[in-house]
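Enquirer: Numbering (my numbering), first residue to last: 846 to 978. Could you have a look at this structure, given as structure tokens, before my questions?
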Amino acid sequence: MLKDLQHEFALKDLGDLHYFLGIEVKKTPDGLVLSQERYTANILIRSRMDKCKTIDTPLSYTKKLSLVDREKLGTEDSTWYRSLVGALQYLTLARLDISFAVNKVCQFLHAPTMVQWSTVKRILRFVRGTIGI
């Protein structure tokens, strides 16, 4: 089949798939295992949270996220917030345990505050503690 395609298109066989779009592919006797561990580690390194303390839950039960929080993030910090939240949103493909929390912080992309920023950091602490699970 690959040879048929090579007659029509310029192709190069790169071998078996190992890593693509942040998803690791590992072959097992039962099939394929898809993982985002390396992508997760890269997010933690990029956010300088790779050595942070871990936490048991991605969201606080006592802190409520609101649009009327006082201290808004600056322009540069807001961009950084959006970048990390987007990375976490892509991570929810394999990490359903953070989907609800990431959805909550996504609701504040237009005007994030320090409270939402601390919630993103809490999610990252949770992710670090559960990276290999």
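The beta carbon of each residue, even a glycine, is placed where N, CA and C say it ideally should be.
1) According to DSSP, what are the bridge partners of residue 864?
2) What residues in its chain sit with their C-beta under 7 Å from that of residue 867, if we drop five residues either side in the sequence?
3) Can the beta-carbon of residue 970 be found less than 7 Å from the beta-carbon of residue 899?
4) Under 7 Å, do residue 973 and residue 889 count as touching if we go by C-beta distance?
5) So the beta strand (DSSP E) residue 878 belongs to, where does it begin and stop?
6) Just to confirm, is the Cβ distance from residue 950 to residue 930 under 7 Å?
7) Cα-Cα, which of 906, 941, 892 and 853 is closest to residue 924?
8) Within the region 899-937, note down every full alpha helix (DSSP H) run reaching 4 residues or more, in order along the chain.
9) With DSSP run on the structure shown, which of helix, strand or coil describes residue 958?
10) If I'm right that residue 947 touches residue 933 with Cβ under 8 Å, what's the distance once you round it to whole angstroms?
11) Between the C-alpha atoms of residue 907 and residue 964, what's the straight-line distance to the nearest angstrom?
12) Exposed or buried, which one is residue 920 when buried takes at least 16 other CB atoms within 10 Å?
13) Tell me the DSSP secondary structure of residue 857 in three-state form.
14) Comparing alpha-carbon positions, which option in 855, 875, 918 and 886 lies nearest residue 975?
Expert: The relevant details are as follows:
1) 869
2) 881, 884 and 935
3) yes
4) yes
5) 876-880
6) yes
7) 892
8) 920-936
9) strand
10) 5 Å
11) 12 Å
12) exposed
13) coil
14) 886
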